[in-house]
Structure formats: C-alpha cells, structure tokens
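Asks: The structure under discussion is supplied below as structure tokens; questions concerning it will follow.
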Amino acid sequence: MRLTIARQLVAMFYVLPVEAAPVPAHVLDDSSGLSFRDADVFYALDALDRGDPQTALKLLEDVVWGPVQSALWYDARFLAARAAVEIGEPERALALLESLENDLPEVVDFI
379 MRLTIARQLV AMFYVLPVEA APVPAHVLDD SSGLSFRDAD VFYALDALDR GDPQTALKLL
439 EDVVWGPVQS ALWYDARFLA ARAAVEIGEP ERALALLESL ENDLPEVVDF I
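Quick note: the sequence shown uses the numbering used here, first residue 379, plus one each step.
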C-alpha cells in the first residue's frame, strides 16, 4: 500500500518541472509513511529527466544513506543506481542495487 502511494506521488510529480513541484502537505505528514526527504526523490527524477544525473545522484544518495528509511527508499536506491550508470560508475550502481530485488521485485525487469 505504501509503495503504491509512493509510486502515485512519483508519477504525479514526474511530469512537473522542479520550480512547479511544491511539496504536498501529506508528504510532511507522518501518518502517510512519507517524509520530507522524499521531496528529494521528486527533484532527482526531474534532474534525471533534464539530463543531470550528477545532481540526481547527490540528491538520491542523501535519501539512501540518510538516517531515516522512508517509503520511497527502495525507489531512491534504484534511481540512484540509474544515475550512477549514466555518469559511468557501474560499481557504485551495483552497490546500490545489491539485494534490491527482494524488496522491489519489479526491478528485476530492469537489471
């Protein structure tokens, strides 16, 4: 359920530019399972879309290695791995993808 909600949020913000993507109030609400850090995932998606994987990787690694594991943590790991591949760091990508298929089964289709 939490992953479905997270994916809907990602899909909703994926098409918006960074300047037009405000952080919705429910992202800040603890009961949703999302955290304020999840806004970085949305901004990273936009950075990837704009062809800026370096910025995306920085934003996503803050989420992945941060102190709180949010609802978008698994998605952030996958997107960070994609950004690492795009900047030519496959070893970093493999580290981010390690055992991700256990928690995000659909990622197997992309590895």
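Just so it is clear, CB atoms sit at the ideal spot from N, CA and C, and this is done for glycine as well. Every value quoted in this text rests on a predicted model; they were computed, and no experiment measured them.
Classify LEU423 as helix, strand or coil using the three-state DSSP reduction.
Replies: In the structure shown, the three-state DSSP call for LEU423 is helix.
Asks: Could you name each continuous alpha helix (DSSP H) segment of 4 residues or more that falls completely within the region 428-470, going from the start of the chain to the end?
Replies: 431-442, 451-464
Asks: Going straight from the alpha carbon of LEU426 to that of ASP416, what length do you get?
Replies: 16 Å
Asks: Between the region 478-485 and the region 439-448, are three or more C-beta pairs nearer than 8 Å?
Replies: Between the region 478-485 and the region 439-448, the count of C-beta pairs closer than 8 Å stays below three; the two stretches do not touch.
Asks: Within 10 Å of its beta-carbon, does ALA449 have 16 or more other beta-carbons around it, so buried, or fewer, so exposed?
Replies: Its Cβ being crowded by 16 or more others within 10 Å, ALA449 is buried.
Asks: So for GLU479, helix, strand or coil by DSSP?
Replies: helix
Asks: Taking only the alpha-carbon atoms, compute the straight-line gap between ALA471 and ASP418 and give it to the nearest angstrom.
Replies: 19 Å
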